[in-house]
Each structure stands twice: as C-alpha cells, then as structure tokens.
C-alpha cells in the first residue's frame with residue numbers, strides 16, 4: 001500500500017534529468033534535456049519544426065520512455081508507470097486531432113475517456129455538458145467528429161482532455177485553425193487553469209498567442225534546449241530567437257523600434273498607455 | 285480567372301447551407317486571402333473551385349463556378365486538375381511516392397504527359413521551389429517545410445493557372461512559414477499565377493495579398509484591400525485574428541483607411557503625430 005499522498009511527495013511536478021531519446025531507427029531526437037517544472041507553472045516550448053518539442057512532451061505522459069536519463073512526473077520515475085495511468089493526471093492535446101478522435105459523435109467522444117477513468121454517470125453528464133458549452137461545441141454534440149472542420153476537431157480535443165480535469169495539461173499547437181474568438185477563449189482557459197494551480201505546457205509556433213501570457217520559455221533546436229528563461233529576456237534576445245527559429249512577437253519588434261527598454265509591454269493595452277505617456281510628455 | 289456566381293451548397297444529410305449565395309470574382313495574378321471563423325465555409329469554397337465539390341462531395345448545389353472559362357460542375361476532375369492546383373493543410377496527404385522527383389512526376393504521369401516533357405517539368409519545378417538537392421530523397425524523411433515544398437512542386441509541375449493553399453503555414457515554424465509566404469509571392473510574380481490562400485496567420489500573409497475576403501456563416505461579409513478590411517471595426521467579430529499591431533493602432537484611434545499593419549508602419553505614423561504636434 002502506498003501511504004505517501006501525492007501532494008507531499010514532490011516539489012517538482014515534472015523533472016527531466018539528462019534525458020536522451022533515440023527513435024527506434026537510431027535517430028537521436030533529444031539530447032541531454034534537463035529542466036524542472038513547479039506545480040502551477042506555465043511553460044511554452046518553442047523551436048523549429050523537428051526540434052524535438054513534441055518528442056519531449058510525450059515523455060511526460062509516458063508515451064515515450066527516455067533512452068538515457070530520468071523523467072520524473074509527480075516525483076515518480078515515468079518509466080515505472082504506464083501511459084494509461086499517467087494520462088489521468090497528464091492530459092495531452094495532440095498536434096493532429098485525427099489521432100485522437102474515433103467515436104461516432106462529439107458527445108460520445110468527450111464521454112469516452114471519462115467513462116474509462118471510472119467517473120460516475122452524473123459527473124460524466126456534468127463534465128460533458130461543461131466541455132460542450134465552454135468550447136462552443138453544443139450544436140455539434142450529435143455530429144460525427146470526422147465531419148467537423150480542422151479547427152473544430154482541434155477544439156474538441158482540448159474540450160475532451162479538459163473534461164477529465166488533469167493536473168498537467170499539455171497543448172501541442174492549440175491555436176492551429178482557431179479564429180480570434182477561440183484563441184481568446186484558450187487564453188482565458190489557460191488563465192483559469194493556472195488560477196486552479198494546474199500546470200500548463202504549450203508547444204506552439206504561435207508567438208502572438210504566447211507573448212501576452214508571459215510564460216517561462218524553453219527554446220529548442222536539434223533536440224537540445226538552447227534557452228530556458230523568462231519570457232521577456234528570452235523573446236527579446238535576437239541571437240537566442242534565431243537559434244530557435246522563432247520570430248519576435250510584434251510587440252517586441254515594435255518596442256525595439258520605439259527604443260523602449262525591458263520589460264516590454266505584454267499587451268496592446270500596456271503598449272497603449274506607454275505611448276500615451278510618451279506623447280503627453282512631448283506635448284509639454 | 286475565377287467567377288463564382290450565386291453559389292450555394294449544403295452537404296447531403298445536412299440542412300445547414302455551408303455556402304450561401306456566394307459571389308466573388310478573382311482576376312488573373314491576384315493573391316486573395318480568405319479568412320473567417322472555423323466552419324465559416326472557407327475550405328468548402330476552395331473545394332467548389334477545384335471541383336471536389338460537386339464531383340467528389342455530393343450535396344445540394346446551386347449557382348455557378350467558372351474557372352478559366354470552364355464551368356466547374358460540367359468539367360471533369362482531370363481537366364480541372366490542369367487549371368487548379370490544390371495544396372492541402374497537411375502535405376502528408378499528398379506526397380506518398382518513394383522519391384521526391386517521382387512524387388512530383390506522379391500528377392504528370394496521370395495526365396499522360398510525354399516522358400521528355402515530364403523530365404523537363406519536374407526539373408523546372410524542383411528548381412523553382414529550390415529543392416533540387418532533395419530530388420532523390422524519400423519524401424517521408426523530409427522536414428515539414430520541405431514536404432510542403434514538394435507538395436507545391438508537384439502541383440506547380442502541372443502548370444496550373446490557379447494555386448490554392450489551405451492553411452499552408454499551420455504546421456510550419458515561423459521562419460519556415462515566412463519563407464513559404466515569400467515563395468508564394470515569387471511564384472505569382474514569375475508565373476503570373478492566381479493564388480487563393482486560407483490562412484489564420486494574418487501577420488504573415490496580409491503583407492503579400494492584394495485582397496482579403498472575410499467569410500462568415502457561409503457568406504462573404506467583407507472584401508477589400510488588406511488595409512480596408514483590417515481597418516473595419518467589426519473584422520474580429522467575424523473571427524479574424526487582427527495582427528497585434530492592428531489592434532494597438534485601433535486602440536490609439538489610428539484605425540483609418542491607412543491603418544498601420546506592421547510595427548514599422550505604426551512607428552512611422554506615431555512619429556507623424558509627434559511632428560504634427562510640435563509644429
């Protein structure tokens with residue numbers, strides 16, 4: 001019998017120690033990855049196509065096992081657990097929604113995992129309705145997921161993972177195919193999760209989505225971490241950014257042109273008040 | 285080059301009209317960006333132009349689509365394939381041969397192009413897309429950006445008059461995406477090809493397009509030059525992600541017909557204000 005409660009057994013909710021991963025064909029996908037994540041942290045992993053971002057996060061729910069080194073999740077070696085077990089607490093929304101959808105209706109799709117995880121019927125009903133409503137999917141409840149548009153499928157994947165309320169949420173390219181409203185909705189959801197002390201990892205190319213959230217940023221290139229730090233420092237450092245094939249957010253580019261110093265405005269609202277201050281000064 | 289008149293369409297078994305009385309005409313050599321909510325009918329409109337609708341997807345179809353003088357509903361898919369090249373969101377859906385050059389030749393073989401001309405066209409497409417060095421590689425070993433180029437080369441080799449790209453940058457990192465956008469712009473200027481793009485990343489694409497068309501609930505709600513459309517106060521209501529700079533410009537009441545759409549333009553128009561105030 002395990003007697004230690006999960007909450008007391010770790011300081012770091014995720015920990016990578018010198019992790020290497022090679023694909024079965026021998027290609028090295030991750031080299032010497034080390035970082036720790038505290039509960040309630042927001043992390044964005046950025047980098048070029050093929051840099052190893054997706055491979056890295058797949059270690060966190062046990063889909064992949066490190067070739068060398070150790071991945072600990074909730075303080076325990078992920079190798080000693082299974083993807084099925086870890087998934088209850090680590091939700092991943094995959095890059096390609098087609099890999100995640102197979103039921104006959106949107107509603108059944110959301111219920112599937114809840115039932116698998118042994119939720120009570122009443123709770124399944126409640127969580128499903130919450131997910132349908134939060135992600136504006138109620139009108140599609142009875143439609144087959146495969147008939148949805150690419151963006152709608154992606155949204156469904158986020159909805160169904162959030163329905164089972166994981167402790168760690170990993171979103172792989174969540175904004176692909178999403179319109180402005182849905183992106184804003186995602187921002188609000190991420191903020192809500194953080195307020196509930198959930199840990200959120202974003203894997204994305206969408207720098208404009210990342211910047212206002214001001215997360216910790218890990219930049220990857222060729223299977224390695226080339227930078228790990230504060231959003232402001234990392235995303236305003238041109239040489240780091242080009243190593244990670246990342247273009248600066250528009251507000252960073254604009255702040256540089258204006259000759260401002262760090263911290264740069266995180267939102268258009270902050271930028272606006274900075275500009276207004278400057279123009280008032282000029283007038284006087 | 286493209287004339288869509290009063291086009292309405294709903295899929296079999298669905299009462300909802302995915303396209304509702306669409307009218308749009310596109311001139312030769314124009315780059316048109318189509319944006320809007322997911323599910324607003326953007327991809328369906330593209331399919332009505334390349335003939336997948338009504339030839340592959342059945343449904344209630346009314347109105348008319350004319351592509352380079354051909355009525356789409358009455359032309360065969362193989363005839364249409366020589367006019368309209370279609371690039372899927374995921375290049376994996378359209379590359380499957382053992383080598384890049386075989387892949388590019390595949391469409392030409394289907395059209396029955398003679399061996400010699402085929403060789404010429406494949407080399408030409410490889411050159412144009414700057415992927416000559418990949419000719420003998422296996423497509424599945426390539427990066428996503430390279431796969432995207434192979435898919436485009438395969439389509440360009442058929443010498444279409446119209447190139448359609450459905451969210452071409454959604455899987456690409458910003459660097460690769462920017463290069464792809466530049467490439468599309470160059471294809472237009474070298475080949476005079478007409479381009480339709482569905483894309484959410486306006487910060488990248490707004491710069492190269494001549495016109496933005498905004499769709500909502502199966503209809504066209506806005507259409508005009510990038511500045512005209514982006515300066516519209518309701519553009520985000522229709523699901524368009526305004527570039528951050530556009531949002532900022534609007535909040536500073538700089539949203540007129542000459543709205544700044546990139547950081548440099550915004551800095552310049554702020555400089556203008558300052559000079560005006562001083563003088």
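Chains as they are written, first to last, in my numbering: chain Y, 1 to 284; chain A, 285 to 563.
Glycine included, C-beta positions come from ideal geometry on N, C-alpha and C.
Since we're looking at a predicted model, the values are computed, not measured.
Quick check: is the beta carbon of residue i nearer than 8 Å to any beta carbon in chain A?
i: residue 152 of chain Y; result: yes
i: residue 149 of chain Y; result: yes
i: residue 232 of chain Y; result: no
i: residue 116 of chain Y; result: no
i: residue 254 of chain Y; result: yes
i: residue 158 of chain Y; result: no
i: residue 87 of chain Y; result: no
i: residue 52 of chain Y; result: no
i: residue 176 of chain Y; result: yes
i: residue 183 of chain Y; result: yes
i: residue 33 of chain Y; result: no
i: residue 275 of chain Y; result: yes
Which term fits residue i, buried or exposed, when burial requires 16 or more other beta carbons within 10 angstroms of its beta carbon?
i: residue 510 of chain A; result: buried
i: residue 483 of chain A; result: buried
i: residue 298 of chain A; result: exposed
i: residue 72 of chain Y; result: buried
i: residue 86 of chain Y; result: buried
i: residue 474 of chain A; result: exposed
i: residue 48 of chain Y; result: buried
i: residue 234 of chain Y; result: buried
i: residue 239 of chain Y; result: exposed
i: residue 273 of chain Y; result: exposed
i: residue 358 of chain A; result: exposed
i: residue 330 of chain A; result: buried
i: residue 541 of chain A; result: exposed
i: residue 146 of chain Y; result: exposed
i: residue 490 of chain A; result: buried
i: residue 488 of chain A; result: buried
i: residue 280 of chain Y; result: exposed
i: residue 334 of chain A; result: buried
i: residue 547 of chain A; result: buried
i: residue 398 of chain A; result: exposed
Since I believe residue j is in contact with residue i (beta carbons under 8 Å), could you give me their beta-carbon distance rounded to a whole number of angstroms?
i: residue 223 of chain Y; j: residue 51 of chain Y; result: 7 Å
i: residue 43 of chain Y; j: residue 248 of chain Y; result: Not quite, the Cβ-Cβ distance comes to about 19 Å (not below 8 Å), so this is no contact.
i: residue 429 of chain A; j: residue 478 of chain A; result: In fact, because the Cβ distance is near 24 Å, the residues do not count as touching under 8 Å.
i: residue 458 of chain A; j: residue 205 of chain Y; result: 6 Å
i: residue 199 of chain Y; j: residue 186 of chain Y; result: Between residue 186 of chain Y and residue 199 of chain Y the Cβ distance is about 16 Å, and since that is not below 8 Å, they are no contact.
i: residue 161 of chain Y; j: residue 246 of chain Y; result: Not really, about 26 Å apart at Cβ, beyond 8 Å.
Is there at least one Cβ from chain Y nearer than 8 Å to residue i's Cβ?
i: residue 462 of chain A; result: yes
i: residue 329 of chain A; result: no
i: residue 296 of chain A; result: no
i: residue 506 of chain A; result: no
i: residue 554 of chain A; result: yes
i: residue 516 of chain A; result: no
i: residue 429 of chain A; result: yes
i: residue 373 of chain A; result: yes
i: residue 520 of chain A; result: yes
i: residue 451 of chain A; result: yes
i: residue 484 of chain A; result: yes
i: residue 362 of chain A; result: no
i: residue 292 of chain A; result: no
What does residue i reach in chain A if we use C-beta pairs closer than 7 Å?
i: residue 258 of chain Y; result: 551
i: residue 208 of chain Y; result: 487, 528
i: residue 268 of chain Y; result: 528, 531, 532, 535
i: residue 222 of chain Y; result: Ordered by position in chain A, no residue passes the 7 Å Cβ test against residue 222 of chain Y, which lies about 12 Å from the chain.
Give the interface partners of residue i over in chain Y, defined as CB-CB distance under 9 Å, in chain order.
i: residue 524 of chain A; result: 179, 180
Against residue i, what residues of chain Y qualify as contacts under a CB-to-CB distance less than 7 Å, listed in chain order?
i: residue 359 of chain A; result: Under the 7 Å cutoff, chain Y gives no residues; its nearest Cβ is about 26 Å from residue 359 of chain A.
i: residue 466 of chain A; result: Going along chain Y, no residue has its Cβ under 7 Å from residue 466 of chain A, so there is no contact; the nearest lies around 13 Å.
i: residue 454 of chain A; result: 176, 177
Could you tell me which chain Y residues have their CB closer than 8 Å to the CB of residue i, listed as they occur along the chain?
i: residue 458 of chain A; result: 205, 207, 245, 246, 247
i: residue 323 of chain A; result: 148, 149, 151, 152
i: residue 341 of chain A; result: Residues of chain Y passing the Cβ test: none, with the nearest at roughly 11 Å.
In chain A, what lies closer than 9 Å to residue i by C-beta?
i: residue 251 of chain Y; result: 528, 529, 532, 547
i: residue 272 of chain Y; result: 532, 535, 536
Name the chain A residues whose beta carbon is nearer than 8 Å to that of residue i?
i: residue 48 of chain Y; result: 457, 459, 460
Taking 7 Å as the line, does the beta carbon of residue i fall inside it for any heavy atom of the ligand COA?
i: residue 273 of chain Y; result: This structure simply doesn't include the ligand COA, nor any ligand for that matter.
Note down, one range per segment and in chain order, each beta strand (DSSP E) of at least 3 residues found wholly within the stretch 128-202 of chain Y.
168-172
Could I get the ranges of all uninterrupted alpha helix (DSSP H) runs contained in the stretch 204-250 of chain Y, with 4 residues as the minimum, in chain order?
207-210, 231-235, 238-243
My parser needs the beta strand (DSSP E) runs of 3 or more residues fully inside the stretch 457-506 of chain A; what are they?
478-482, 495-500
Give the list of continuous alpha helix (DSSP H) stretches no shorter than 4 residues that lie fully inside the stretch 390-460 of chain A.
399-412, 428-440
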